[in-house]
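*Asks:*
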Amino acid sequence: MKRWLFTLPLLAGADPRALLAQEVVPPVASATVQDPQAAPPQDDEDDGEGEDPAIVVTGHKAPRGAVIGDVRPDEQFSRATIRALGINSVSELLQELAPQIRSGQGRGGEPTIVLLNGRRTSGFSEVRDIPAEAIARAEILPEEVALKYGYPADQRVVNIVLRKRFHALIAEAGDRIATEGGRNLVDPGVTYLEIDHDRRVNIALQYQHADDLLESARHPGAFAPRRPYDVVGNVAALTPAGEIDPALSALAGRTVTLAGVPAMAVGRPLALGDFVAGANRANITDTTPFRTLLPSGDRGSINASYSRNILGSIAATINGRLEASNDVSLLGLPKLKLDLPAGNPFSPFANDVAVYRLAEGAPPLSRHERDIGGHLALMLNSHAGAWQWSFSGTYDHLEARTRTEGGIDQTAIDAALQARDPAVNPFGAFGPGLLLARQPDITRLVSDAGGFDAMIHGPALHLPAGQVLTSLRLGANWSALDGHSVRLGVAQDSGASRSDVSGQLSIDVPITSSRNNVLAALGNLSVNGNVALHRLSDFGTQKTLGYGVVWSPVQPLRLIASMTDADGAPSLVQIGAPVLTTPNVRIYDFMQGATVEASRIEGGNARLSGDNRRVLKIGATWKPGWTKGLSLTANYIHARTRNAIVPFAATPALEAAFPGRVVRDSAGALTRFDDRPVNVSRDDREELRWGINWLKALGGTGASGGHVPGMRKNANRLSFALYHTWHLRHDVLLRDGLPMLDLLHGDTLAMTGGDPRHEIEAQAGIASNGIGLRLSADWRSATTAQRMARGTTASALSFSDLATANLRIFANLGQQQALARAHPWLAGVRLTLAVDNIFDGRPRVTDASGATPYIYQPAFLDPLGRTIRFSIRKTF
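UniProt numbering puts the first residue of the sequence shown at 1, with every later residue one more than the last.
#1: When burial is assigned at 16 or more other CB atoms within 10 Å of the CB, is glutamine 76 buried or exposed?
#2: At 3 residues or longer, what runs of the beta strand (DSSP E) sit wholly inside the segment 534-569?
#3: Can you give, in chain order, each stretch of the alpha helix (DSSP H) that sits fully within the segment 367-443 and has at least 4 residues?
#4: Would DSSP call leucine 333 helix, strand or coil?
#5: State buried or exposed for serine 666, treating a residue as buried only when at least 16 other CB atoms are found within 10 Å of its CB.
#6: Using DSSP bridges, identify the partner residues of glycine 320.
#7: My output table needs one value for glycine 576: the three-state DSSP class, helix, strand or coil.
#8: With DSSP collapsed to three states, give me the class of leucine 349.
#9: Looking at the structure shown, is threonine 723 part of a helix, part of a strand, or coil, going by DSSP?
#10: In the structure shown, what three-state DSSP assignment does isoleucine 284 receive?
#11: Return helix, strand or coil for proline 858, following the three-state DSSP convention.
#12: Determine the closest residue to phenylalanine 860 out of Phe539, Ser382, Thr595 and Leu205, with distance taken between C-alpha atoms.
#13: Closest by CA to glycine 754, which one among Met563, Phe452 and Ala782?
#14: Checking the sheet assignment: what are the DSSP bridge partners for asparagine 716?
#15: Is the beta carbon of leucine 294 closer than 8 Å to that of arginine 218?
#16: For glutamate 180, collect the residues of the same chain with a Cβ closer than 6 Å to its Cβ; drop the 5 residues on either side in sequence, then sort them by chain order.
#17: Indicate whether proline 334 and glycine 406 have their beta-carbon atoms separated by less than 8 Å.
#18: Isoleucine 560 and glycine 523 - do their beta-carbons sit closer together than 8 Å?
#19: Counting along the chain, where does the beta strand (DSSP E) carrying lysine 148 start and finish?
#20: Could you check what DSSP says for glycine 458 in three-state terms: helix, strand or coil?
#21: Determine, using beta carbons only, whether residue 951 and glycine 86 come nearer to each other than 8 Å.
#22: Per DSSP, which residues does proline 225 bridge with? Please list them.
#23: Can you round the beta-carbon distance between alanine 237 and threonine 255 to whole angstroms, since I take them to be within the 8 Å contact cut?
#24: Would you give the residue range spanned by the alpha helix (DSSP H) that valine 161 belongs to?
#25: Which class does arginine 218 belong to by DSSP, given the choice of helix, strand or coil?
#26: Taking the C-alpha atoms as reference points, what is the distance between leucine 505 and valine 615?
#27: With a threshold of 8 Å, are at least 3 pairs of Cβ atoms found where one atom belongs to the segment 598-614 and the other to the segment 559-579?
#28: Have a look at Arg83, Asn88 and Pro73 and flag the residue whose alpha-carbon is nearest the alpha-carbon of isoleucine 872.
#29: Just to confirm my understanding: we take methionine 740, look at its own chain, exclude 5 residues before and 5 after, and list those with CB closer than 8 Å. What are they?
#30: Straight-line CA distance for alanine 259 to glutamine 592?
#31: Using the Cα positions of proline 262 and arginine 844, report the straight-line distance between them to the nearest angstrom.
#32: Please go through the same chain and pick out, in chain order, the residues whose beta-carbon is closer than 7 Å to the beta-carbon of proline 27, but skip the five residues on each side of it.
#33: Note down, in chain order, each residue of its chain lying with its Cβ closer than 6 Å to the Cβ of aspartate 538, except the 5 sequence neighbours on either side.
#34: What is the rounded straight-line gap between the Cα of isoleucine 575 and the Cα of alanine 767?
#35: At a cut-off of 7 Å, is arginine 640 close to the ligand ADP when judged by its beta-carbon and the heavy atoms of the ligand?
#36: Taking the Cβ atom as the reference point for each residue, do serine 719 and leucine 695 lie within a distance shorter than 8 Å?
Quick look at the structure:
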């Protein structure tokens, strides 16, 4: 079920913010495009080249592909700088720039807003597979720019500017392995891209296969649950912790509440004395070979986009994507709890007892997940004088099916034991007529979403300080989700549908202007405001109000302050996803202080209500003129969400606030938990995030081999980035009248502890003559779950700090002159060696005694550990 949250980008079509239209920038005069093998083109806006890694724009004319408005980018990356990253596509570029584009203004999970040549796209699918060689430059802009394009200001904006001409066929194959073994992932792919000014054709085919990773490959040790199921069997009283038989206790010399079944039980009836050796000593079967830490899986996709001008100046783009996946997980061996009555010919006990067994010989419990989805989008954009307009239409479809099988129907066995059938030995092998397969549990999810958006942007009037710019967007969207599940033969249907008619208006008013000499001593100052309304069929009218100020007292410095008050509704997945039950899930029970196996319930919660979020942001960007390529940013964010939607976890605080979500047996052991999302009263967060970026062009002209599209001289670069997030506050009030939880000081809403106080992300890279090295490192401070243990039998848990480092080395063989002359076919070949988690760093969790609970072993927190990936890429 959780995987559906990742495979449901199609449902983004149900969110009007994901279905808005593009903007178009009026065409500018273009220089003559030269052949890549000839001298470098004079239009450095096309190629993003030059010794200065930061693209500097002078004069009043905006560069080709610039965003609308006058907000300068926080960061700019030239074509040479992008090539020095050693990445393959726009998708990988966003991954590489993750520290720079992180935003704390959203609710979480919102996709980064990506523009293409300063225009809106039909969706991320349109741009994700564009090769990095086709990028002339990339820009990162603040969240406030999103308003100019009809988006809410909850994510940063990335503008990708493509080269005017490009033509290449690219093939790549990679293989990733875990150094501890047990996991192998191969991912071949082919991409074709042709750009000829306003015409663009992009086709990408991707495939990925991953082997499953068994628990036995990580050697976590045999699991000893409170209810000890075993292949041979264990005997216990029917009441928790009760005495099995006073006579057995007398023979053993102590009270016996649990007894391992001796192996000889398979061949003959047992006497009471045969259980003395196993008194209070459980048999334990190692089930790790029958459980997966990571599923095996296959997934493939085909993505195609076509763009060209029609009817003169109208830019039209159509994009289609089809993807499918198939995953298989193992969930352990089937369990049998047999009630053995006194007087049964195979029972030497005076009382009725319970026999706990694993069904040896039966196939393990398994889960098969199959998804198939499609996306179709149309985008039109153009301009009329100074006004720009766009129109988009989208349709998405997804079918997701889950089948859990391998359960045992023990009805016939129970009947035979109660009838004292001498042919049915509860400790021996069961005949084929008794060990019957249970009907599989099935869930099915079908979702459809469609809609259109129209947008217009332009100057409403002219003030002495400049133009008053307005953006107006109108849209209508519809989505539906149908779910069906069958559990233990009981069918249950779920679903939800939603229509949304929406509109958004934003306005930017210049107050002072150094360019227009209006209060020039104050620099450039503008104010902005925005309002959005969404009329939802199931949640009524949702409104968003925002305002802000942008001030640049001097050119290197920009200050931004903004306030947003936004209503939000739960997604259709959160409301109507079908119920899915997963057996044998291992989870730490804080009430018992032990790892247990329980059933997990997932799906939608139809009782969810909408939330309201208020966000204050104060930010600064400084680019000192005395050092080219250096920029510093800092952002303070305070966010308060009322009636916030959070995932449920079986922590003591959430269990106390939502007691019906956790089920325990008469002994207090956790047997089932429901992790469907819930509303909490309030969520307050504060953070201060600052960072530094530095880019430097190195001397030398580089080496050039054969003709490679996108490969040019002067690609030698040195880069460094460091970002520090200081979490100042994170308090959560689950319900009115309950104590406030402080997630930075021992409280937690997750099984992985509280929130870290500090997070650091660092990147460094160097590229010279076609050979590059990239190093990234992440660190987060330690956390605790001190308060989680209050009122329970469990000791507090400590979660260590965690540092990880990744290394990537790449070589463009065509740029190595000696190799290129000796082997011309190496032109366009790039080899990449990537090592993730170089030092195999994993979290360490301990209780007060210093011991690590079973489920918090590193193998479960980070199954892969260190991985190595080798890939070869050829550009034709």
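Glycine included, C-beta positions come from ideal geometry on N, C-alpha and C.
*Replies:* If we stick to the structure as given:
#1: Here glutamine 76 is buried: its Cβ has 16 or more other Cβ atoms, across all protein chains shown, within 10 Å.
#2: 540-552 and 557-568
#3: The segment 367-443 is shown to contain whole alpha helix (DSSP H) runs of 4 or more residues at 411-418, in chain order.
#4: coil
#5: Under this definition serine 666 is an exposed residue.
#6: Ala304 and Leu376
#7: It is helical.
#8: Here residue 349 turns out to be phenylalanine, not leucine, going by the sequence shown. Three-state result, phenylalanine 349: coil.
#9: Per the sequence shown, the amino acid found at residue 723 is tyrosine instead of threonine. Residue state, collapsed to three classes: strand.
#10: coil
#11: helix
#12: Looking at the Cα atoms, Thr595 is the closest of the given residues.
#13: Ala782
#14: Note: asparagine 716 sits in no beta bridge, so no partner.
#15: No, Cβ-Cβ distance for arginine 218 and leucine 294 is not below 8 Å.
#16: Gly865
#17: yes
#18: no
#19: Note, lysine 148: premise wrong, no beta strand (DSSP E); alpha helix (DSSP H) at 145-148.
#20: It is a strand residue.
#21: The question about residue 951 has no answer here: the residues shown for the chain are numbered 1 through 876.
#22: According to DSSP, proline 225 bridges with nothing at all.
#23: Not confirmed; about 11 Å, so no contact.
#24: Taken as a continuous stretch (DSSP letters only), valine 161 belongs to no alpha helix (DSSP H), being part of the beta strand (DSSP E) at 157-162.
#25: helix
#26: 19 Å
#27: Taking 8 Å as the limit for Cβ pairs, the verdict is that the segment 559-579 does touch the segment 598-614.
#28: Asn88
#29: Asp731, Val732 and Leu733
#30: 22 Å
#31: 38 Å
#32: Unreliable positioning characterises proline 27 in this predicted model, as indicated by a pLDDT of 33, which lies under 50. The coordinate reading is nonetheless provided below. There are no such residues.
#33: Arg498
#34: 49 Å
#35: With respect to small molecules bound, the structure shown includes none, and the ligand ADP cannot be examined in it.
#36: yes
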